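Chemist: Here the protein sequences come in this chain order: Z and H.
Its first residue numbered 1, the first sequence is counted upward by one per residue in the numbering used here.
Its first residue numbered 425, the second sequence is counted upward by one per residue in the numbering used here.
All C-beta atoms in this analysis are idealised placements derived from N, C-alpha and C, irrespective of residue type, glycine included.
Given the structure is predicted, the values throughout are model-derived calculations rather than measurements.
After the structure tokens below, expect a handful of questions from me.
2 protein chains.
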Amino acid sequence: MSHPNDPSLRSFVPVDPASDFPIQNLPYGVFSTAASPTPSVGAAIGDYVLDLAVLESEGLIDLAPAFDVFAQPSINAFMALGPEMWSRTRARISELLRHDNPHLRDNKMLRARALVPMAQAKLHLPIAVAGYTDFYSSKEHATNVGVMFRGKDNALQPNWLHMPIGYNGRASTVVVSGTKVRRPRGQLKPPSADVPSFGPCKRLDFELEMGVVIGQPSAMGEMLTEAQAEDMIFGFVMLNDWSARDIQQWEYVPLGPFQAKAFATSISPWVVTREALEPFRIHGPVQDPAPLPYLKQAQPNNYDLQLDVALRAAAMNEGSRICRTNFKYMYWSSVQQLVHHASSGCAMNVGDLLGSGTISGPEKDQRGSLLEISWNGTEPLELGGGIKRTFLEDGDSLSFHGWCQGDGYRVGFGEVEGTITPAA
Amino acid sequence: MSHPNDPSLRSFVPVDPASDFPIQNLPYGVFSTAASPTPSVGAAIGDYVLDLAVLESEGLIDLAPAFDVFAQPSINAFMALGPEMWSRTRARISELLRHDNPHLRDNKMLRARALVPMAQAKLHLPIAVAGYTDFYSSKEHATNVGVMFRGKDNALQPNWLHMPIGYNGRASTVVVSGTKVRRPRGQLKPPSADVPSFGPCKRLDFELEMGVVIGQPSAMGEMLTEAQAEDMIFGFVMLNDWSARDIQQWEYVPLGPFQAKAFATSISPWVVTREALEPFRIHGPVQDPAPLPYLKQAQPNNYDLQLDVALRAAAMNEGSRICRTNFKYMYWSSVQQLVHHASSGCAMNVGDLLGSGTISGPEKDQRGSLLEISWNGTEPLELGGGIKRTFLEDGDSLSFHGWCQGDGYRVGFGEVEGTITPAA
């Protein structure tokens with residue numbers, strides 16, 4: 001049997017070479033249809049969703065001693081089964097979808113039940129988010145922000161090169177792609193005002209991030225090795241960390257962002273497994289100074305993963321690309337973030353979501369937020385047709401795409417989209 | 425029928441006047457016994473736990489259309505039923521426990537099943553913590569910390585008087601009283617060091633707080649009125665926000681506390697209902713400048729609630745009181761905290777826990793943390809017998825007690841205790 005990452009594998013389900021979802025990917029998500037309105041777990045293949053609850057109930061996927069694992073509104077129960085079962089199940093799904101396996105291919109009745117056209121599927125939040133943490137691990141992003149607010153000489157805070165800086169975010173407002181995002185209200189105090197006022201955010205922004213989905217718990221009081229952290233990572237999503245810059249500016253000293261980041265965080269509906277990303281691992285940037293021993297890593301833990309951001313104003317027919325960057329630029333890796341997160345003895349849970357932090361790159365067109373793209377509002381962005389932006393306006397739609405390019409196929413994440421609606 | 429807060433009510437269960445749990449209290453918790461190891465919901469009365477799952481299964485408490493609400497490992501399912509049911513159920517429990525109601529009193533078999541001596545009960549975490557948020561709402565505490573680190577002239581940050589400053593904490597390490605707390609490790613960089621090192625925290629501290637337990641959800645994108653916020657508050661616990669001051673000092677700029685507060689947060693096992701605290705409501709400090717309209721409150725939302733902290737070193741037979749203060753000193757009330765928390769459109773969930781922030785008072789012996797008591801380590805605290813402390817040492821046990829004093833009875837919280845064990 002071939003490894004499910006084998007580039008030569010083909011499925012009997014037709015998959016366009018530009019599709020995000022070839023047989024080498026098989027990401028997990030949660031979906032429902034008009035006919036089956038109860039959400040359950042599926043895997044993406046080409047333009048279809050493979051209904052894993054159907055395959056499990058038919059005995060084609062065996063998760064014993066667990067059962068009814070896929071007839072659930074999240075993938076958490078599946079993640080809880082651990083990395084061996086993740087690997088075995090992905091291999092089994094791959095086997096069932098191979099072009100030369102007649103089992104599902106030639107069973108017309110079963111195929112009709114198990115393969116749902118993606119156009120007919122409503123995609124839901126794939127995970128029950130236990131905790132949401134957001135990091136700040138792109139050196140380019142942290143430097144850009146630092147230069148803007150503190151000048152070139154003090155751009156990076158003294159701690160930044162020694163640990164992955166992060167904060168706890170708000171899990172209750174993590175939503176799936178396509179969910180509309182209402183412009184938040186909050187306390188605003190521009191430098192020109194003597195006292196704050198309360199009203200709609202005027203500097204609404206996005207942040208291009210990846211999210212790590214934690215699939216195994218760790219015990220309170222324990223630290224993690226690199227290998228343990230690696231094994232706990234189930235997969236990745238794209239993540240938009242919507243940010244109200246003006247609310248943030250006034251509230252964040254000394255305890256960090258709170259309401260500025262609490263109103264919405266959007267993620268892609270498909271969780272791409274760590275295993276599917278293996279062929280695209282590369283070394284990250286050289287870390288200098290060398291990390292402290294607990295943060296050292298022997299394995300390369302960055303991924304060559306291209307990321308695009310498009311912005312479509314209400315008056316535009318299609319989005320205009322405003323950023324193309326790559327996950328590989330991240331200074332601190334996901335494994336280092338997780339090791340640091342648990343370093344005090346902080347227990348990790350199945351369903352924890354760790355945002356990478358805004359992913360910017362060294363070039364100007366690789367900046368992953370409007371704060372950086374418009375240089376704090378001083379350099380408006382031209383979208384064509386006379387449309388300019390410094391920050392987001394009502395009706396604007398933001399869309400991220402991300403994929404790893406293989407030889408003749410891509411392992412992709414689909415889309416994470418959100419449209420801004422007016423403040424209440 | 426008397427109101428369950430009526431001071432003249434008596435129970436057939438004997439209750440000492442110094443007990444925290446008279447019939448006027450009836451706090452909810454989760455317990456198990458050696459004979460019944462599956463945790464379920466109970467109410468405290470004197471030295472007993474009233475097994476509410478037994479009363480529900482016997483039809484003595486009717487929560488229809490919900491059922492099996494108390495045969496659960498948390499009070500979340502009960503909280504989800506809403507404030508009318510909270511009120512009706514408390515009245516029913518009060519009725520069943522009255523000295524002049526023979527129903528339970530004279531049914532020996534039922535009484536033996538329903539009343540469990542507290543000494544035989546193991547108390548568990550009473551809520552499934554959905555999200556944990558920690559505020560910073562004592563003006564005295566914020567001022568003390570500000571004076572220590574920034575001097576008298578800049579003690580309060582400019583935003584502090586305009587909103588309840590808070591940050592998202594880590595829900596996964598909220599533990600019940602009695603759980604041992606392992607000294608965390610982390611990155612430390614004292615001012616004298618050029619580079620950070622990794623090791624056990626040397627400045628381990630407690631913070632005396634109350635926690636608000638949210639019993640009803642709010643929708644993403646919506647704000648709350650004062651009345652709506654009030655209705656969402658189920659009750660209160662005592663809360664110890666363990667803090668690693670040295671880890672915090674190095675990590676917290678610019679995104680706030682992370683690992684310094686992630687290793688443990690202890691709460692009391694009994695959730696005292698908002699209704700039981702009603703007789704003890706008082707006005708908080710005058711707020712000047714006046715809060716913005718969304719934060720204005722018509723009702724008094726502070727409570728006259730006395731709080732004691734005792735510290736017992738391993739070599740001591742009993743704890744030494746190191747702080748006595750009162751919840752009434754808090755500048756921002758719990759309702760204002762909740763209104764602000766939802767102000768951006770942040771959805772609140774059943775089981776959210778909101779720490780008040782360290783409760784200090786105007787006097788020196790009313791300081792709610794060792795950071796303040798020892799003035800950042802410069803004024804060691806004398807515990808008697810030659811034992812001194814600046815910060816916590818291994819084997820130290822911290823214990824909080826809190827109660828509202830009525831006429832001849834007290835509505836109390838029991839204890840929240842934690843003992844420090846050595847770093848791994």
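Under 8 Å between C-beta atoms, does T173(Z) make it to chain H?
Modeler: Judged by the 8 Å Cβ criterion, T173(Z) is in contact with chain H.
Chemist: Under 8 Å, with one C-beta from each stretch per pair, do the region 280-293 of chain Z and the region 328-336 of chain Z reach the 3-pair mark?
Modeler: Counting Cβ pairs under 8 Å, three or more are found: they touch.
Chemist: Once DSSP output is grouped into helix, strand and coil, what is the label at G623(H)?
Modeler: strand
Chemist: Output the distance between the C-alpha atoms of T567(H) and F559(H), rounded to the nearest integer angstrom.
Modeler: 14 Å
Chemist: According to DSSP, is D820(H) part of a helix, a strand, or is it coil?
Modeler: coil
Chemist: Can you tell me whether R434(H) is helix, strand or coil according to DSSP?
Modeler: Looking at R434(H) - three-state DSSP - the assignment turns out to be coil, as it is neither helix nor strand.
Chemist: Of all Cβ atoms in chain Z, is any one closer than 8 Å to the Cβ of Y676(H)?
Modeler: Yes - at least one Cβ of chain Z is within 8 Å of the one on Y676(H).
Chemist: What is the DSSP secondary structure of S869(H), counted as helix, strand or coil?
Modeler: One cannot answer for residue 869(H) here, as it falls past the ends of chain H, which runs 425 to 848.
Chemist: Under a CB-based cut-off of 8 Å, is F622(H) close to chain Z?
Modeler: Contacts with chain Z at 8 Å (Cβ-Cβ) include F622(H).
Chemist: So who's on the other strand from A310(Z), going by DSSP bridges?
Modeler: According to DSSP, A310(Z) bridges with R321(Z), S399(Z).
Chemist: So, helix, strand or coil for N154(Z), using DSSP?
Modeler: helix
Chemist: Consider the C-beta atom of S2(Z) and the heavy atoms of the ligand PLP; say whether any pair is separated by less than 7 Å.
Modeler: This structure does not include the ligand PLP; it has no bound ligands of any sort.
Chemist: List, from N- to C-terminal side, the alpha helix (DSSP H) runs of 4 residues or more that fit wholly inside the region 747-793 of chain H.
Modeler: Runs of the alpha helix (DSSP H) inside the region 747-793 of chain H: 758-765.
Chemist: Considering just the uninterrupted stretch of the alpha helix (DSSP H) at E56(Z), what are its terminal residues?
Modeler: 52-57
Chemist: Is it the case that the Cβ atoms of S757(H) and Q721(H) are separated by a distance below 8 Å?
Modeler: Contact annotation: S757(H) and Q721(H) have beta-carbon atoms nearer than 8 Å.
Chemist: Taking C770(H) as the query, report the chain Z residues whose CB atoms sit under 8 Å from its CB, ordered along the chain.
Modeler: R170, S172, T173, Q259, A262, F263
Chemist: Going by CA-CA distance only, name the one from D205(Z), W242(Z), L115(Z) that's closest to V174(Z).
Modeler: W242(Z)
Chemist: Taking 8 Å as the limit between beta carbons, can you name the residues of its chain near S511(H), skipping five residues before and five after?
Modeler: E699
Chemist: Per DSSP, which residues does R469(Z) bridge with? Please list them.
Modeler: The question about residue 469(Z) has no answer, for chain Z in this structure spans 1 to 424.
Chemist: How do the region 460-472 of chain H and the region 439-452 of chain H stand: do at least 3 beta-carbon pairs fall below 8 Å, yes or no?
Modeler: Output reads yes: the region 439-452 of chain H touches the region 460-472 of chain H.
Chemist: Please confirm if Y331(Z) has its CB atom under 8 Å from at least one CB of chain H.
Modeler: no
Chemist: With a threshold of 8 Å between beta-carbons, can N800(H) be considered close to chain Z, or not?
Modeler: no
Chemist: Mind listing the chain Z neighbours of G842(H)? Cutoff is C-beta to C-beta under 8 Å, in chain order.
Modeler: Ordered by position in chain Z, no residue passes the 8 Å Cβ test against G842(H), which lies about 13 Å from the chain.
Chemist: Per DSSP, I844(H) forms a beta bridge with which residues?
Modeler: V605(H)
Chemist: Roughly how many angstroms separate the alpha carbons of S821(H) and G395(Z), rounded to a whole number?
Modeler: Roughly 56 Å separates the two Cα atoms.
Chemist: Please return the same chain residues whose Cβ sits closer than 7 Å to the Cβ of L628(H), not counting the five positions on each side in sequence.
Modeler: R607, A668, F815, L816, I844
Chemist: Which residues, in order along the region 820-848 of chain H, keep a beta-carbon less than 8 Å from a beta-carbon of chain Z?
Modeler: A848
Chemist: Does any residue of chain H bring its CB to less than 8 Å from the CB of M232(Z)?
Modeler: no
Chemist: According to DSSP, is F704(H) part of a helix, a strand, or is it coil?
Modeler: helix
Chemist: Per DSSP, what kind of secondary structure is Y28(Z) in: helix, strand or coil?
Modeler: Looking at Y28(Z) - three-state DSSP - the assignment turns out to be strand.
Chemist: Just list the residues that DSSP pairs E230(Z) with in beta bridges.
Modeler: Its beta-bridge partners do not exist; DSSP assigns none.
Chemist: Could you tell me how far apart the beta carbons of V69(Z) and L60(Z) are, in whole angstroms, since I believe they sit closer than 8 Å?
Modeler: About 13 Å separates the two Cβ atoms, so there is no contact after all.
Chemist: Starting from L546(H) and walking both ways along the beta strand (DSSP E), at which residues does that stretch end?
Modeler: Checking the displayed sequence, the identity of residue 546(H) turns out to be Lys instead of Leu. It spans 546-548 - the beta strand (DSSP E) in which K546(H) sits, taken as one unbroken run.
Chemist: So, with DSSP's three-state summary, where would you put F236(Z)?
Modeler: Per DSSP, reduced to three states, the secondary structure at F236(Z) is strand.
Chemist: Please go through the same chain and pick out, in chain order, the residues whose beta-carbon is closer than 8 Å to the beta-carbon of V271(Z), but skip the five residues on each side of it.
Modeler: P27, Y28, G29, I75, P126, I127, V213, F234, G235, F236, V237
Chemist: Out of E379(Z), L161(Z), L383(Z), P7(Z), which one is the CA nearest neighbour of M425(Z)?
Modeler: This structure cannot settle anything about residue 425(Z), because the visible part of chain Z is limited to 1 through 424.
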